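> Structure provided below as structure tokens; questions to follow.
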Amino acid sequence: MEVGESHVIKAAWHPKLNQIMVGSGDGVVRVYYDPERSVRGAKLCMVKKRTEAKQVNYIVTQRIITPYALPLFKEGNDRQKSTYRQMIKDRKDPVRSKNPDPPQLIKGTGGKTAQGGSTLHSWMAKQIAVKNKDDHIDPRERILRHAKDAEENPYWVDNAYQKTQPKPIFREIG
517 MEVGESHVIK AAWHPKLNQI MVGSGDGVVR VYYDPERSVR GAKLCMVKKR
567 TEAKQVNYIV TQRIITPYAL PLFKEGNDRQ KSTYRQMIKD RKDPVRSKNP
617 DPPQLIKGTG GKTAQGGSTL HSWMAKQIAV KNKDDHIDPR ERILRHAKDA
667 EENPYWVDNA YQKTQPKPIF REIG
């Protein structure tokens, strides 16, 4: 068996891998193996395919500025913006940057909240507001308008004092 053009310095056989490693005088280490009997070792390297460097294909569209070209051959007058400046401008545009809608500062603006009555709580609040239309009336007048009903039907007042004060005692003014 030929090892190469140089002389052999050291040879070793690995019993588990069933492979022979040979170091030669030209600095090259060679590994000899049997594809059917050898296990792992050099076989792991031989199974892998060589990977080629991925080629990146891209087209750069740069404008060629020709200051003294004839008007017929000039492209547009609009200047090309740098990609950085265009990116900054796009970030400020809420549509292009796809920013979410900002929170509404005033409740119920912009059509983002439902009308009153869509939830149980808002319906009940609306009903209470409709019932209390007489909030502008003086509090004393609001109490006195129930005085006639309290005299005719003393259920809420008299039952509380029936055992302790069966005969009502009021303060005399004068």
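Under the numbering used here, the residue at position 169 of the sequence shown is numbered 685, and the numbers go up by one with no gaps.
Ideal placement from N, C-alpha and C gives every residue a C-beta, glycine not left out.
These numbers come from a predicted model, not from an experiment.
Tell me the rounded alpha-carbon separation between residue 519 and residue 555.
Their backbone Cα atoms lie some 22 Å apart in a straight line.
> Using the C-alpha atoms, what's the distance from residue 635 back to residue 673?
Answer to the nearest angstrom: the Cα atoms are 37 Å apart.
> Name the DSSP beta bridge partners of residue 529, please?
Its beta-bridge partners are 536.
> Out of curiosity, what's the CA-to-CA distance linking residue 603 and residue 616?
Straight-line Cα distance between these residues: approximately 18 Å.
> Using the C-alpha atoms, what's the distance from residue 601 back to residue 581?
Spanning the two alpha carbons is a distance of roughly 19 Å.
> Count the other CB atoms within 10 Å of the CB of residue 584; is the residue buried (16 or more) or exposed (fewer)?
Under this definition residue 584 is an exposed residue.
> Using the beta-carbon count (16 or more within 10 Å), is residue 678 buried or exposed?
When all chains shown are included, residue 678 counts as exposed.
> In whole angstroms, give me the CA-to-CA distance for residue 670 and residue 658.
Going by the C-alpha atoms only, they are around 18 Å apart.
> So, under 8 Å CB-CB, residue 505 and residue 534 are touching, yes? Tell me the CB distance rounded to an integer number of Å.
In the structure as shown, the chain starts at 517 and stops at 690, and residue 505 therefore has no counterpart that could be examined.
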